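Count the first sequence with my numbering and you get residues 56 to 700, in order. A quick write-up on the structure given underneath.
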Amino acid sequence: MPVITLPDGSKREFSAAVSVMELAQDIGAGLAKATIAGRVDGNLVDASEKNSVDATVQIITIKDEDGLHIMRHSCAHLLGHALKQLYPDAKMAIGPVIDNGFYYDIDSEIAISEEDLAKIEKRMLELAQTKYQVVKKITPRAEAIQIFTARKEDYKLELIADMPAETEFGLYYHQEYIDMCRGPHLPNMSFIKALKLTHVAGAYWRGDCSKKMLQRIYGVSFASKQGLKDYLLMMEEAEKRDHRKLGKLLGLYHFDEVAPGMAFWHTKGTTLYQVVENYMREQLAQSDYEEVRTPLVMDRAMWEKSGHWDKFKDNMFTTETENRDYAVKPMNCPGHIQIYNQHLRSYRDLPVRIAEFGLVHRNEPSGTLHGLMRVRAFTQDDAHIFCTQAQIKTEVQACIDLVYSTYADFGFDNIQVKFSTRPKVRVGSDAVWDLAESALEETLKDAKLDYSLLPGEGAFYGPKIEFQLKDCIGRVWQCGTIQLDFSMTQAERLNAVYIGSDNEKHHPVMIHRAILGSLERFVGILVEHYEGKFPTWLAPTQIVLASIAGVHNEFVQQFAKKLKKSGFRVESDLRNEKVGFKIREHTLQRVPYILVIGDQEIENGTVNVRARGGVNLGSMNFEDLSRLLLNDVSKLGRVVTQVPV
RNA sequence: GCCGAAAUAGCACAAUUGGUAGUGCAACUGAUUUGUAAUCAGUAGGUUGUAGGUUCAAGUCCUAUUUUCGGCACCA
56 MPVITLPDGS KREFSAAVSV MELAQDIGAG LAKATIAGRV DGNLVDASEK NSVDATVQII
116 TIKDEDGLHI MRHSCAHLLG HALKQLYPDA KMAIGPVIDN GFYYDIDSEI AISEEDLAKI
176 EKRMLELAQT KYQVVKKITP RAEAIQIFTA RKEDYKLELI ADMPAETEFG LYYHQEYIDM
236 CRGPHLPNMS FIKALKLTHV AGAYWRGDCS KKMLQRIYGV SFASKQGLKD YLLMMEEAEK
296 RDHRKLGKLL GLYHFDEVAP GMAFWHTKGT TLYQVVENYM REQLAQSDYE EVRTPLVMDR
356 AMWEKSGHWD KFKDNMFTTE TENRDYAVKP MNCPGHIQIY NQHLRSYRDL PVRIAEFGLV
416 HRNEPSGTLH GLMRVRAFTQ DDAHIFCTQA QIKTEVQACI DLVYSTYADF GFDNIQVKFS
476 TRPKVRVGSD AVWDLAESAL EETLKDAKLD YSLLPGEGAF YGPKIEFQLK DCIGRVWQCG
536 TIQLDFSMTQ AERLNAVYIG SDNEKHHPVM IHRAILGSLE RFVGILVEHY EGKFPTWLAP
596 TQIVLASIAG VHNEFVQQFA KKLKKSGFRV ESDLRNEKVG FKIREHTLQR VPYILVIGDQ
656 EIENGTVNVR ARGGVNLGSM NFEDLSRLLL NDVSKLGRVV TQVPV
């Protein structure tokens, strides 16, 4: 006699075990029709699952987040169902839910092309429209093995083999198609109304590059056709922000076959880059760093000693001359230790903070290159802080503070924090790693940051905190990082020392930190974040002066000269074109201010100010305009909502 | 690196079953002297990523290669 408590607190009593679906029918036919699954005492279950004891039950419909999730998961099954009809020899691996959608990994001799997706999608929708019922059968282990053996589903068998403790498995019957899953799933495929298979790509079985590469079919699905439409439109809009497209359109940088993964910065891109770099340089000065420059190429022996050669040589560019081997630096730390070691340090000198806008080269695998986000040559706003163990917390905290104030100035407020611990390939003893990890995590906790753990993702010399930002389509990129290193300074590595108050030699702890990370990547993120509509302090060209006719050109040039003298980045457009044409071009170039100058302005000694977004701020003289511009520049990127559109 | 796809004028794109490589913008020349998102006319621009091959004939088919794109693995 189960008593079921509903979320509103009301209770219903049943004479026998009752399923979620039966409960929904008891409440009303409409609800039953909308029922996807249930949450019984907090656990998600299929709508068909019987419950014989007292419980709290929530009915899940497509309107619930869980309902949408379940529907997407069932979409993966539907994909399997359709795919096996079209490609009977395909073997199904795994088909989980991801953000906005789902994928299924399959193994097939036949390569599925993007064109084939439309065909599969069509079959999926046809199958969904038959409104067939999904039947779940809890199946004993031996029988499940028998079923998948008969069906030649090798990957399902491997999954079963990897769960030796399980005695039974949930098999979902989609007409003739059978999939194995914990569930829950839709009771009926007609809930699926809006889906699209988006792309197909390779993916290693179980994410292991030593295993076979499967074909992964990605799809998205929504509760309504409008939801899908909105999503596709949003993606289309997001792709317009792509820094590779905008970089070309705005004349910021380009890439060339002669140097794959290395940017050619054009003058406007260079300006943007320098504004970012100089901003950071100012922060360094305020935070008591000393800036240095170290060689790009250093003797291979030094890299062997530092541990880089052993752990990192596959990613290093090398060169050789006069029978001596060199490597191009992939990191700045060894160079900074050379500078640290140039004189004997006292404990009174610590912490020593050595910073460099360090150009590093890393021979990244060809398949990883991605615009400015993943390159082979990039400049880190790098620094190494040499300190005592007692100083770690204060120094790490200062770095965290610098990350947050910097990101706020650039207009970012959505920052993901990750804490990465010891990787398989590493230097240093476990005792040292214990020390480093706990020191870093403790600071992270004290800073009250919301972070997630990435076990095994640390640097080879120490654990790290990562600060990640998202690109236009939601891909996450690591930018800032703080890494704790007890190893590199040891005698057997690069042997950095200081004399302690006990008059003995000690090895300092080294904190590796970058705030922006790579200047290249950070600029790429900035381009996408602002869609090229940079706040005035960052805009490569801040002001364009447009003359109406040739007779106005002299005044324009004088006015432009005055603005330049005041430190603004100014262009004059004196071309023999209509002012509408000029405005269109500079609007497309996302210039924050366009100054229009004709007879009226010259007569009054003013300029007519058109702000980005088409707002006419009226005519003003040089002093008023300077005040306006200075005020705008001083805001940096902090007030995101006030960026002109 | 792995799987799949793509590469045509400075840029964005066309080019039937293999049959004379085009259009728009940009560039250049001329006219126009212009008031807040495109003035008009004309001219020029290409070994179709590179290297081979098949064919009477290749942008199109085949092979190799480079780069790019989407993922995967990697990411100090």
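Beta carbons are placed, not taken as given, at the ideal position from N, Cα and C, and that holds for glycine. These numbers were taken from a predicted model, which means no experiment stands behind them.
Just to confirm the assignment, what range does the alpha helix (DSSP H) spanning residue i have?
i, result
"Ser99", "The question names Ser, but residue 99 in the sequence shown is Leu. No alpha helix (DSSP H) contains Leu99, which is instead part of the beta strand (DSSP E) from Asn98 to Asp101."
"Met290", "Lys280 to Glu294"
Compare the beta carbon distance of residue i and residue j with 8 Å and say whether it is the shorter of the two.
i, j, result
"Pro62", "Ala72", "no"
"Ile554", "Ser681", "no"
"Gly362", "Val480", "no"
"Val112", "Leu86", "no"
"Arg568", "Thr596", "no"
"Thr443", "Leu405", "yes"
"Thr194", "Phe224", "yes"
"Ser103", "Pro242", "yes"
"Gly316", "Val430", "yes"
"Leu490", "Ile520", "no"
"Val189", "Tyr159", "no"
"Gly579", "Met428", "yes"
"Gln471", "Gln397", "no"
"Lys191", "Asp96", "no"
"Tyr344", "Ala551", "no"
"Leu305", "Gln644", "yes"
"Asp540", "Tyr516", "yes"
"Gly282", "Met268", "no"
"Lys303", "His309", "yes"
For residue i, which beta-bridge partners are listed by DSSP?
i, result
"Asn311", "Note that residue 311 corresponds to Asp in the displayed sequence, not to Asn. Paired residues: none, contrary to the question."
"Pro195", "Glu223"
"Ala79", "DSSP output for Ala79 lists no bridge partner at all."
"Ile554", "Ser401 and Lys560"
"Thr116", "Thr90"
"Ala137", "Its beta-bridge partners do not exist; DSSP assigns none."
"Val582", "DSSP output for Val582 lists no bridge partner at all."
"Val625", "Ile598"
"Ile381", "Residue identity differs from the one stated: residue 381 is Tyr in this sequence, not Ile. In the DSSP output, where bridge partners are listed per residue, Tyr381 has Asp354 and Thr374."
"Cys264", "Looking at the DSSP assignment, Cys264 forms no beta bridge with any residue, so it has no partner."
"Asn663", "Val651 and Ser674"
"Phe474", "Leu508 and Ile520"
"Ala491", "In the DSSP output, where bridge partners are listed per residue, Ala491 has none listed."
State the Cα-Cα distance for the pair residue i and residue j, rounded to the nearest angstrom.
i, j, result
"Lys690", "Arg667", "16 Å"
"Met76", "Leu123", "18 Å"
"Val698", "His425", "For Val698, the predicted model reports a pLDDT of 44, less than 50, meaning its position is unreliable and no value from the coordinates is stated."
"Glu169", "Phe636", "41 Å"
"Gly64", "Asn671", "59 Å"
"Arg67", "Ala173", "47 Å"
"Phe623", "Ala249", "51 Å"
"Glu346", "Gly156", "47 Å"
"Val700", "Arg665", "Unreliable placement is indicated for Val700, whose pLDDT of 43 sits below 50; the coordinate value is still reported in the next sentence. Approximately 13 Å between the Cα atoms of the pair."
"Glu208", "Ile91", "28 Å"
"Ser621", "Asn686", "13 Å"
"Thr696", "His641", "In this predicted model, Thr696 has a pLDDT of only 48, less than 50, meaning its place in the structure is not dependable enough to derive any value."
"Asp365", "Trp532", "26 Å"
"Glu359", "Met543", "12 Å"
"Val487", "His298", "41 Å"
"Met357", "Gly238", "55 Å"
"Ala463", "Thr326", "21 Å"
"Thr661", "Lys384", "53 Å"
"Phe467", "Tyr232", "47 Å"
"Ser279", "Met386", "50 Å"
"Ser70", "Arg127", "35 Å"
"His229", "Asp526", "38 Å"
"Leu252", "Ser129", "14 Å"
Taking the continuous beta strand (DSSP E) assigned at residue i, which residues delimit it?
i, result
"Cys534", "Val531 to Asp540"
"Leu600", "Ile598 to Ser602"
"Thr373", "Thr373 to Thr376"
"Tyr158", "Gly156 to Asp162"
"Asn671", "Val670 to Met675"
"Met235", "Tyr232 to Met235"
Going by the C-beta, is residue i closer than 7 Å to any heavy atom of the ligand ATP?
i, result
"Glu332", "Annotation note on the ligand ATP: not contained in the displayed structure, which lists no ligands."
At least three beta-carbon pairs within less than 8 Å, the region 647-655 to the region 597-617: yes
The region 422-437 touching the region 394-412, judged by at least three CB pairs closer than 8 Å: yes
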